[in-house]
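Chemist: Sequential numbering from 679 applies to the sequence shown in the working numbering. For every residue, glycine included, the Cβ atom is placed at its ideal position computed from N, Cα and C. Following this message is one structure expressed as structure tokens.
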Amino acid sequence: DSTVSNEEYASATIVCTVPRRACITSITYDAGDLGTGSLTRNLGTYTGTIDMEGVAAGTYSIELTGNDPRTSTTASLSLDVIDLYGPSAICSVTNGMNDGSQSLAVTCTIEDETAMGDVYYFSSLGSDIIHNSGSTYEVSFDVSGLAASEETVSVIALDNEGNYTYTEVTGEIDDVTSPTVS
Numbered sequence: 679d680s681t682v683s684n685e686e687y688a689s690a691t692i693v694c695t696v697p698r699r700a701c702i703t704s705i706t707y708d709a710g711d712l713g714t715g716s717l718t719r720n721l722g723t724y725t726g727t728i729d730m731e732g733v734a735a736g737t738y739s740i741e742l743t744g745n746d747p748r749t750s751t752t753a754s755l756s757l758d759v760i761d762l763y764g765p766s767a768i769c770s771v772t773n774g775m776n777d778g779s780q781s782l783a784v785t786c787t788i789e790d791e792t793a794m795g796d797v798y799y800f801s802s803l804g805s806d807i808i809h810n811s812g813s814t815y816e817v818s819f820d821v822s823g824l825a826a827s828e829e830t831v832s833v834i835a836l837d838n839e840g841n842y843t844y845t846e847v848t849g850e851i852d853d854v855t856s857p858t859v860s
């Protein structure tokens, strides 16, 4: 009887219970890309841990081999690794006044170990989906004619598992409108 779980995500634990009458002397595992190893015996139970740090979400096959003095037997298990973490997001804001464009640009580098979902922005200048080129997401606001102020843009990035990351960036809008004299 064998089970495998990955409740903490950083590792998976294999537990094999062996009946008293069995003469199993060792149990090894082969988890493909996740590695190979031996389980440790404690009375009638064998346990082992597989390091799961940085493993992509998906289903992995684990083959167990129980050995006795004369023969060996195998059993297979499936390990479902789920994505518990939102994407990483690093965003910056550029005041386009330096290049005369009268814009405020938000650029985000967003990455996730699973497929990305949508990335949204929210601000008083507008809200919508940010479209990407690779892992870079950009949106630009025309701020010509607006009064000098600070503008906060909130960014929410979702992966396909429904995990999200929320971040905010603040940019300065410069007053470039000349006063009128009459």
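(1) For leucine 721, which of helix, strand or coil comes out of DSSP?
(2) Residue range of the beta strand (DSSP E) that aspartate 758 falls in?
(3) Where does the unbroken beta strand (DSSP E) through isoleucine 808 begin, and where does it stop?
(4) Is the Cβ-Cβ distance between tyrosine 798 and serine 805 less than 8 angstroms?
(5) Please report the straight-line C-alpha distance between serine 689 and tyrosine 842, rounded to a whole angstrom.
(6) Out of Met794, Cys769, Ser822, state which residue places its alpha-carbon closest to the alpha-carbon of glycine 836.
(7) Between which two residues does the beta strand (DSSP E) carrying leucine 742 extend?
(8) Are the beta-carbon atoms of glutamate 791 and alanine 735 separated by less than 8 angstroms?
(9) As an exercise, report each continuous beta strand (DSSP E) stretch of at least 3 residues that is fully enclosed by the stretch 781-854, in chain order.
(10) Just to confirm, is the Cβ distance from serine 739 to serine 716 under 8 angstroms?
(11) If you follow the beta strand (DSSP E) that valine 693 is in, where does it begin and where does it stop?
(12) Compute the Euclidean distance between the alpha carbons of serine 832 and threonine 787, then round it to the nearest angstrom.
(13) What residues in its chain sit with their C-beta under 7 angstroms from that of glycine 712, if we drop five residues either side in the sequence?
(14) Where does isoleucine 851 land, buried or exposed, given buried means 16+ other C-beta within 10 angstroms?
(15) On the premise that threonine 848 lies in contact with valine 784, defined as a C-beta separation below 8 angstroms, what is that separation, rounded to the nearest angstrom?
(16) What is the rounded straight-line gap between the Cα of glycine 812 and the Cα of alanine 767?
(17) Output the distance between the C-alpha atoms of serine 754 and serine 781, rounded to the nearest integer angstrom.
(18) Ignore the nearest five residues each way along the sequence and tell me which others in glycine 710's own chain have a CB closer than 7 angstroms to its CB.
(19) Could you check the C-alpha separation between histidine 809 and isoleucine 760 for me, to the nearest Å?
Modeler: Considering the structure as presented:
(1) Working through the sequence shown from its first residue, we reach residue 721 at position 43. Correct three-state label for leucine 721: coil.
(2) One-based indexing of the sequence shown puts residue 758 at position 80. Looking at the DSSP string, the run of the beta strand (DSSP E) that includes aspartate 758 is 750-759.
(3) Mapped onto the sequence shown, residue 808 falls at position 130. Unbroken run through isoleucine 808: none, as it is neither H nor E.
(4) Position 120 of the sequence shown, counting from 1, holds the residue named residue 798. Position 127 of the sequence shown, counting from 1, holds the residue named residue 805. Contact flag set, yes.
(5) The residue given as residue 689 occupies position 11 in the sequence shown. The residue given as residue 842 occupies position 164 in the sequence shown. CA-to-CA, the gap between serine 689 and tyrosine 842 works out to about 22 angstroms.
(6) By one-based count along the sequence shown, residue 836 stands at place 158. Per the sequence shown, residue 836 should be read as leucine rather than glycine. Comparing Cα positions, the closest option is Met794.
(7) To locate residue 742, count along the sequence shown from 1; it is residue 64. Leucine 742 -> beta strand (DSSP E) spans 736-745.
(8) Residue 791 sits at position 113 when you count from the first residue of the sequence shown. Residue 735 sits at position 57 when you count from the first residue of the sequence shown. For glutamate 791 and alanine 735, yes; Cβs fall inside 8 angstroms.
(9) For the stretch 781-854, whole beta strand (DSSP E) runs of length 3 or above, ordered along the chain, are 781-789, 794-801, 804-807, 814-820, 827-837, 842-851.
(10) Reading the sequence shown from its first residue, position 61 is the one you call residue 739. Reading the sequence shown from its first residue, position 38 is the one you call residue 716. Serine 739 places its beta carbon 8 angstroms or farther from that of serine 716.
(11) Position 15 of the sequence shown holds residue 693. Looking at the DSSP string, the run of the beta strand (DSSP E) that includes valine 693 is 689-695.
(12) Along the sequence shown, read from residue 1 onward, the residue named residue 832 stands at position 154. Along the sequence shown, read from residue 1 onward, the residue named residue 787 stands at position 109. Cα to Cα, serine 832 sits roughly 14 angstroms from threonine 787.
(13) Residue 712 sits at position 34 when you count from the first residue of the sequence shown. The question names glycine, but residue 712 is leucine in the sequence shown. Taken in chain order, the residues that qualify are Ile728, Val733, Tyr738.
(14) Residue 851 sits at position 173 when you count from the first residue of the sequence shown. By the 10 Å Cβ count, isoleucine 851 comes out buried.
(15) If you number the sequence shown from 1, residue 784 lands on position 106. If you number the sequence shown from 1, residue 848 lands on position 170. Valine 784 to threonine 848, Cβ: 10 angstroms. No contact.
(16) For the purposes of this step, residue 812 is identified with residue 134 of the sequence shown, where counting begins at 1. For the purposes of this step, residue 767 is identified with residue 89 of the sequence shown, where counting begins at 1. Their Cα atoms are separated by approximately 13 angstroms.
(17) Stepping through the sequence shown from its first residue, residue 754 is reached at position 76. Stepping through the sequence shown from its first residue, residue 781 is reached at position 103. Taking the straight line joining both Cα atoms gives about 59 angstroms.
(18) Here residue 710 refers to the residue found at position 32 of the sequence shown. Closer than 7 angstroms at the Cβ level, and outside the excluded window around glycine 710, lie Tyr738, Ser739.
(19) Here the question's residue 809 lines up with position 131 in the sequence shown. Here the question's residue 760 lines up with position 82 in the sequence shown. Histidine 809 and isoleucine 760 have their alpha carbons spaced roughly 26 angstroms apart.
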